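Participant: In the order they appear, the protein sequences are chains A and B. Mapping of the first sequence onto my numbering: residues 1 to 341, in sequence order. Mapping of the second sequence onto my numbering: residues 1 to 341, in sequence order. All C-beta atoms, glycine included, are put in the ideal place defined by N, C-alpha and C. What you are looking at is a predicted structure, and each value in this text was computed from that prediction instead of being measured.
Protein chains: 2
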Amino acid sequence: MKPVTLKEIADQLNISVTTVSKALKDYPDISKKTKALVKELAQTLNYKPNAFAVNLRTKESKTIGLIIPEIVHHFFSSVIKGIVAQAEKKGYLVIILQSNESYELEKKQIQLLLRQRVDGILISLANGTADYNHLNDVLAQDKPLVMFDKIAKLVKCSKVIIDDRKAAYEATQHLIDTGCKRIAHFRGALLPQNSIDRFLGYKKALLDNNMPYDPSLVYICQCGDQSFEEGKMNARQLLKDHKDVDGIFINTDMVAIGAITEFNEQGIKIPEDISIVGFSNWFMSSVISPSLSTIDQPGYEMGKAAFKQLYKEMQQLKNKGPIVYKEIVLETALIKRQSTK
Amino acid sequence: MKPVTLKEIADQLNISVTTVSKALKDYPDISKKTKALVKELAQTLNYKPNAFAVNLRTKESKTIGLIIPEIVHHFFSSVIKGIVAQAEKKGYLVIILQSNESYELEKKQIQLLLRQRVDGILISLANGTADYNHLNDVLAQDKPLVMFDKIAKLVKCSKVIIDDRKAAYEATQHLIDTGCKRIAHFRGALLPQNSIDRFLGYKKALLDNNMPYDPSLVYICQCGDQSFEEGKMNARQLLKDHKDVDGIFINTDMVAIGAITEFNEQGIKIPEDISIVGFSNWFMSSVISPSLSTIDQPGYEMGKAAFKQLYKEMQQLKNKGPIVYKEIVLETALIKRQSTK
DNA sequence: GTTCATTTCGAAATCGTTTTCGTTAATCAA
DNA sequence: TTGATTAACGAAAACGATTTCGAAATGAAC
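Written as structure tokens, this is what we have:
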């Protein structure tokens, strides 16, 4: 029951291991006759090259690492799907790790992947990630690294993102266009670039429309496991603090759905009393009542694009060429539904 | 920028590679002084053992494979999370693949994982999987294999499941207990064991309560990407076919939510006109209106249990002991909400 | 028959670790 | 002093595939 090796094939045919190896890889200096013999025997013996040995020789494993803050999340699982699908097309396998939004774990996991000598790393940063030494470690080893969605602008590597600021601006503008006069914002955690950008887009839209920016209208949520609850809580708090608010731009759909639920329970009418725009276009947002206006964020495409870029860089590395970093910005779209007029 | 090797450390200290290797692994035949020297230098040079070489020597990669029908799915992503978390604790990495409910892909992916020589495989079968040669290939290579959720009873390996039949029975009984007289069933695809079992549980509950089993009340859906739409369609069809139905037991929450949406749109009152019980306890089922009574299916725990069993078997294999197969049945629970009286 | 090119193959080094089995030198017992 | 034991280290053989560099054998050309 031992796995078949090149040596076994060689012995059976009374030729050398070298010849067997070359025959299987169609080297030009092996006769057609020998090739046919070797290939046939390899077939019948069900020979599979030992990946460990191949990896050691070629110094690559055809495996990449993926670090994600949270797997159980519609957007991220779509990204995973995109990455895995694209990777498989190119013959790559994907090792997946979850940082749980923890900086410490993220660091450890990067080290794990480096030790495993994956050919490249894809990462979406944890909320808690404040410094980037672990990421620079990756680059220092000349290992391709592509960040997506939650990125660090300061790290010199390729990035796949959306224009969060523009999308948030559009969302807010939509609230303004539909008649909202006093617009609140439920923002994400403080560190992530995208929650900063969404906040800035919101703010800029207000100012461009000559509406005052009022910091007390900005509520924070961590957007972790408890997003739904956070949405409810923020909504409850908002009703206490500011009865005059008539529109909210919310950092993610899950939080928005929490808020909608709270408003429904309290008898606040959406969109008559308060209009809401979410972010992500999670499937569920089209299903709840009222359905949620939101920004469509293409998760699957983001995964695909991220892997494609990583693949390019891995090729460039193999060809000893310089690695060319790129910043890829995917298109978003405003989806108008019942939660806005 | 070359990675540090044992040889480099050995050269710098003027000792042999053997000694360095042993020192790092605390072999008893190396003096404390040498160990200290070696470890210190390894530290400062930031030595990381070459995983490829280690794999080749030890014949294990500390990596397992995971094949799942669909990543973007609340239940499955919970399972993934459970597996990844548990694996990381034991120092294992997880390679993830998605079969897209396709038998052909599943076969290919098993081969991929075997070629990669993962230490073990976790799998939840695709709907289309009808024969099990590819699975037996795994077992024939003495490679631990654990199936979960969507299993094949005929394959001789460990399994982690719930008692689908019992859970479905409970769900149906609950409908009966709350006064339903004519109960339909939206079942899953024909092949998967769990959709068969849920159907059988439904049927048995009817018969045990002296209610007639009417095949025309059983609707099929594939429970793939289009679950929500299938739920709507089935609901629409049901309203045309059988106006007297007052309860439905539905194979999965997503389909159930589709059905609820359709009923809401058509002005059918839930639970007054029709009661509904779903399956999975997807997060969203507590949020929609009316909230959905359902069976809680512990995804995260299932992932944890599946990896734990695989880990046990991998240990048994290392200790040259026989592999002991186990069937682990996790508890489910009926969650009563607004969609039933 | 000599020279040169071509075809076909293999020996051996290599990738970086692990592990077996010696070997040396020192220590101890008698 | 001799023999036996122990402590500390290294040489070398794996693991299985890849690849470089020759070497032999054949054929062609003169």
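With distance defined between alpha-carbon atoms, name the residue in B:305, B:316 and B:62 nearest to residue 81 of chain B.
Facilitator: Of B:305, B:316 and B:62, the residue nearest in Cα terms is B:305.
Participant: Starting from the C-beta of residue 79 of chain B, find all residues in its chain whose C-beta is less than 8 Å away, skip the five residues before and the five after it, and write them out in chain order.
Facilitator: The answer, listed in chain order, is 68, 124, 148, 149, 299, 300, 302, 303 and 306.
Participant: So which of B:130, B:140, B:98 and B:170 has the shortest CA-CA distance to residue 392 of chain B?
Facilitator: Shown here, chain B extends from 1 to 341; a query on residue 392 of chain B therefore has no answer.
Participant: Which residues, taken in chain order from the region 74-107 of chain A, show a beta carbon closer than 8 Å to some beta carbon of chain B?
Facilitator: Listed by position, the residues of the region 74-107 of chain A near chain B (Cβ gap below 8 Å) are 74, 77, 78, 80, 81, 84, 85, 88, 93, 94, 95, 96, 97 and 98.
Participant: Alpha carbon to alpha carbon, how far is residue 103 of chain A from residue 284 of chain A?
Facilitator: Computed Cα separation, rounded: 30 Å.
Participant: List the endpoints of the continuous beta strand (DSSP E) containing residue 279 of chain B.
Facilitator: Taken as a continuous stretch (DSSP letters only), residue 279 of chain B belongs to no beta strand (DSSP E), as it is neither H nor E.
Participant: For the region 286-310 of chain A, enumerate the residues whose C-beta is nearer than 7 Å to any C-beta of chain B, in chain order.
Facilitator: Flagged, chain order: 287, 288 and 289.
Participant: Can you tell me the Cα-Cα spacing of residue 280 of chain B and residue 297 of chain B, whole angstroms?
Facilitator: Going from the Cα of residue 280 of chain B to the Cα of residue 297 of chain B covers about 5 Å.
Participant: Residues of the region 36-57 of chain B in Cβ contact with chain A at a cutoff of 8 Å, in chain order, please.
Facilitator: Within the region 36-57 of chain B, the residues whose Cβ lies closer than 8 Å to some Cβ of chain A are 48, 49, 50, 51, 52, 53, 55 and 56, listed in chain order.
Participant: Counting along the chain, where does the beta strand (DSSP E) carrying residue 211 of chain B start and finish?
Facilitator: That residue, residue 211 of chain B, is in no beta strand (DSSP E); it is neither H nor E in DSSP.
Participant: Whole angstroms is fine: what's the gap from residue 175 of chain A's alpha carbon to residue 210 of chain A's?
Facilitator: About 14 Å.
Participant: Short check: CB of residue 53 of chain A to CB of residue 292 of chain B, under 8 Å?
Facilitator: Contact: no.
Participant: What residue range does the beta strand (DSSP E) around residue 122 of chain B cover?
Facilitator: Residue 122 of chain B -> beta strand (DSSP E) spans 120-123.
Participant: On the three-state DSSP scale, how would you describe residue 216 of chain A?
Facilitator: Helix, per DSSP.
Participant: Cα separation between residue 121 of chain A and residue 160 of chain A?
Facilitator: Distance between the alpha carbons of residue 121 of chain A and residue 160 of chain A is about 13 Å.
Participant: Using a Cβ-Cβ cutoff of less than 8 Å, which residues in the same chain neighbour residue 39 of chain B once the five nearest sequence positions on both sides are dropped?
Facilitator: Answer for residue 39 of chain B: 23 and 24, listed in chain order.
Participant: Could you pull the DSSP bridge partners for residue 185 of chain B from this structure?
Facilitator: The partner list for residue 185 of chain B (beta bridge, DSSP) reads B:218 and B:249.
Participant: From what residue to what residue does the beta strand (DSSP E) around residue 126 of chain B run?
Facilitator: Where residue 126 of chain B is concerned, there is no enclosing beta strand (DSSP E), given that its DSSP letter is neither H nor E.
Participant: Quick check on the DSSP output: the beta strand (DSSP E) that includes residue 230 of chain A runs from which residue to which?
Facilitator: No beta strand (DSSP E) contains residue 230 of chain A, which is instead part of the alpha helix (DSSP H) from 227-241.
Participant: What does residue 147 of chain B pair with, by DSSP beta-bridge criteria?
Facilitator: In the DSSP output, where bridge partners are listed per residue, residue 147 of chain B has B:123 and B:159.
Participant: Run the CB neighbour count on residue 27 of chain A, radius 10 Å, all protein chains shown included, and call it buried at 16 or more, exposed below.
Facilitator: Burial call: exposed.
Participant: By the 7 Å beta-carbon criterion, what residues does the region 275-286 of chain A contribute toward chain B?
Facilitator: Taking 7 Å as the Cβ-Cβ cut-off against chain B, the residues of the region 275-286 of chain A that qualify are 284.
Participant: Looking only at its own chain, which residues have a Cβ that is under 7 Å from the Cβ of residue 13 of chain B, when we skip the five neighbours before and after it?
Facilitator: Within the same chain, residue 13 of chain B has close Cβ partners 37, 38 and 41.
Participant: Against residue 115 of chain B, what residues of chain A qualify as contacts under a CB-to-CB distance less than 8 Å, listed in chain order?
Facilitator: Simply 48, 49 and 51.
Participant: Would you mind telling me which residues of chain A sit closer than 7 Å to residue 178 of chain B, beta carbon to beta carbon, in chain order?
Facilitator: What residue 178 of chain B touches in chain A: nothing, since even the nearest Cβ is about 24 Å away.
Participant: For residue 199 of chain A and chain B, any beta-carbon pair shorter than 8 Å?
Facilitator: False, the Cβ-Cβ gap to chain B never drops below 8 Å.
Participant: Hey, residue 134 of chain B and residue 110 of chain B: beta-carbon distance below 8 Å or not?
Facilitator: Cβ atoms of residue 134 of chain B and residue 110 of chain B: closer than 8 Å.
Participant: By the three-class DSSP mapping on this structure, what secondary structure does residue 329 of chain A have?
Facilitator: Three-state DSSP puts residue 329 of chain A in a strand.
Participant: Per DSSP, which residues does residue 65 of chain A bridge with? Please list them.
Facilitator: Paired residue(s): A:95 and A:121.
Participant: For residue 330 of chain B, which option in B:191, B:96, B:47 and B:166 has the closest C-alpha, if you only look at C-alpha atoms?
Facilitator: The candidate whose alpha carbon is nearest that of residue 330 of chain B is B:166.
Participant: Flag residue 246 of chain B as yes when its Cβ comes closer than 7 Å to any non-hydrogen atom of the ligand MG, and as no otherwise.
Facilitator: No copy of the ligand MG appears in this structure; indeed no ligand is present at all.
Participant: Between residue 94 of chain B and residue 95 of chain A, is the Cβ-Cβ spacing less than 8 Å?
Facilitator: Cβ atoms of residue 94 of chain B and residue 95 of chain A: closer than 8 Å.
Participant: Grab me the residues of residue 182 of chain B's own chain with a C-beta within less than 6 Å of its C-beta, minus the 5 sequence neighbours each way, in chain order.
Facilitator: Correct list, in chain order: 244, 245 and 246.
Participant: Figure out for me which residue from A:222, A:189 and A:193 has the closest Cα to the Cα of residue 155 of chain A.
Facilitator: Residue A:193 is the option with its Cα nearest to residue 155 of chain A.
Participant: Contact between the region 267-282 of chain B and the region 221-240 of chain A: three or more CB pairs below 8 Å?
Facilitator: The region 267-282 of chain B is not in contact with the region 221-240 of chain A.
Participant: Alpha carbon to alpha carbon, what distance is there between residue 91 of chain B and residue 144 of chain A?
Facilitator: Cα-Cα distance, rounded: 24 Å.
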